[in-house]
Each structure stands twice: as structure tokens, then as C-alpha cells.
Amino acid sequence: MKYDYTRESPLSYTSKITRKPRIEVEFFGKEKSVKVFSIVDSGADITLINEEIAQFLDIDLKGLPLFKTLGITGNSSDVRIGKIKIKLPGYSKVSEIKAQFLIGKGNFDVLLGQDDFFDKHRIKFERDHFVFEITPVK
Amino acid sequence: MDKKTTVKNPDFSKILKRYEDQWVALSEKKDRVISSGKTLKELGATIKLNPSAVVMKVPSFEATLSPFNR
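Residue numbers (the numbering used here), protein chains in the order written: chain A, 28 to 165; chain B, 2 to 71.
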């Protein structure tokens with residue numbers, strides 16, 4: 028299925044509209060789910076989820092392995108690595124992907140990354156006309 | 002939903018202008034904000050009443066988003 032890049036407010040240094048490849052993904056806990064307008068991020072090694080989403084879904088992160096995520100400046104933050112069930116709009120199949128949950132405050136919602144969201148979907152970015160395509164393949 | 006259809010979005014530069022750095026719950030068509038708050042937890046009641054709502058954290062307009070960094 029193809030999706031429009033979003034049109035979002037310009038950053039303060041420019042008047043140009045910000046465009047992002049966002050897709051409405053439903054994330055599942057044991058008894059609850061929530062739809063998050065997530066960013067498809069080919070630069071993220073693995074899907075990164077804001078801890079607030081795990082808390083909202085009553086996902087217990089304490090038993091999950093602790094790891095670190097490294098930013099471009101070399102600063103690291105703690106994450107817990109686990110799995111989460113997701114469903115894409117227009118598809119009935121629920122699949123499971125690996126994800127890291129950021130421990131602490133984060134100024135983002137969800138970044139859908141390479142391991143293993145990109146493994147399980149054929150993704151084509153067509154930024155020149157602000158369209159991207161995602162097709163489940165596994 | 003037709004798999005060949007391109008899913009269109011409304012113009013968020015207008016809809017989300019007032020909600021910088023906040024969590025928002027959008028209507029099913031994502032054309033209006035039905036609730037907002039500093040935390041996702043604050044939107045819990047709205048999401049329960051509107052299970053088709055879509056949430057997002059509106060980013061800051063004062064900084065670019067790069068691979069995670071703080």
C-alpha cells in the first residue's frame with residue numbers, strides 16, 4: 028500500500044514544510060492496543076518505542092534485556108529489548124517485531140527500524156513525489 | 002482498503018501547530034485533535050472512548066530530529 032508523506036510544521040530555521048514518512052501502526056499489549064502515527068526510519072538499527080507507549084499498554088519492561096542505544100554525538104541511553112505485536116492499516120494480519128523501548132523521557136513516539144520491521148516489509152521511499160510504499164513480505 | 006490506493010493525510014502543519022512537544026490523539030481520519038497532553042497517560046480516557054483514535058508525539062519545531070541523541 029502507498030502512503031503520502033505527512034506535511035508538518037516548518038522548523039524554525041526555514042519556511043519549508045517538514046515532510047515525514049509516517050504510518051498508522053497499531054501496537055498491542057496483552058489486553059490493550061493503541062494506534063501510533065509512527066515514523067518509518069531507515070537509519071534506525073531497530074525499532075525504537077517511547078517508554079510511555081509500553082506503560083500505556085501495560086507491558087512490563089523489567090524482565091527484558093537491558094541494552095544501550097547510541098546517538099550521533101556518542102551519548103548513550105538505556106533501552107530494553109523485546110518483541111511487540113503490530114498491525115498495519117489495511118491488513119488483517121498481526122505480526123510480531125523486535126523493538127527497543129527507551130528508558131526515560133524521549134521526544135518522539137515510534138521509529139520503525141531495520142531489525143526487524145524492514146526485514147518483514149518491502150519498503151520503497153519515493154520522496155521526490157512524497158509517497159512511500161510498504162508491503163508485508165513475511 | 003484497496004492496496005493500490007495511496008493513503009492521503011490532512012495538512013498537519015495547520016492541525017498540529019498549537020501542540021508542539023505534546024502527545025495528541027487524532028480522530029480516525031486524522032483531520033482533528035480530539036485530546037492532547039504532556040503525557041500519553043493523560044490521553045487514556047480519550048483513547049478508551051475512541052479506539053480508532055491515532056496518537057503521536059508532536060515534535061519540537063525548534064530542533065531537527067536526528068538519530069537519537071541527547
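Ideal Cβ positions, reconstructed from N, Cα and C, are used throughout, including at glycine.
This structure is a prediction, so every number in the text was calculated from the model and none was measured.
Residue i in three-state terms, based on DSSP
i, result
"Tyr1/A", "No information on residue 1/A is available, as it lies outside the stretch 28 to 165 that chain A covers here."
"Ala26/B", "strand"
"Lys15/B", "helix"
"Asp155/A", "helix"
"Glu58/A", "coil"
"Phe145/A", "coil"
"Lys132/A", "coil"
Proximal residues of chain B, C-beta to C-beta of residue i below 8 Å
i, result
"Gln82/A", "Leu41 and Lys42"
Chain-ordered chain A contacts of residue i [CB-CB under 7 Å]
i, result
"Met34/B", "Before going further, note that residue 34/B is Val rather than Met in the sequence given. Going along chain A, no residue has its Cβ under 7 Å from Val34/B, so there is no contact; the nearest lies around 12 Å."
"Thr47/B", "None at all; the shortest Cβ gap to chain A is about 11 Å."
Residue i to residue j span [Cα, whole Å]
i, j, result
"Leu66/B", "Glu58/A", "32 Å"
"Arg71/B", "Asp136/A", "Residue placement at Arg71/B cannot be trusted, given a pLDDT of 46 that sits under 50; what the coordinates show is reported in the next sentence. Answer to the nearest angstrom: the Cα atoms are 16 Å apart."
"Gly131/A", "Val59/B", "17 Å"
"Tyr40/A", "Ile16/B", "20 Å"
"Ile24/A", "Leu93/A", "For chain A, the structure presents residues 28 to 165; residue 24/A sits outside this window and is missing."
Cβ pair residue i, residue j closer than 7 Å
i, j, result
"Ala71/A", "Leu138/A", "yes"
"Phe157/A", "Arg46/A", "yes"
"Thr33/A", "Phe13/B", "yes"
"Lys95/A", "Ser103/A", "yes"
Where residue i meets chain E, residues with beta-carbon distance less than 8 Å
i, result
"Lys29/A", "Absent from the structure: chain E. Protein chains present are A and B."
Partners in chain A for residue i, counting only beta-carbon separations shorter than 8 Å
i, result
"Ala1/B", "Examination of residue 1/B is not possible in this model, given that chain B is present from 2 through 71 alone."
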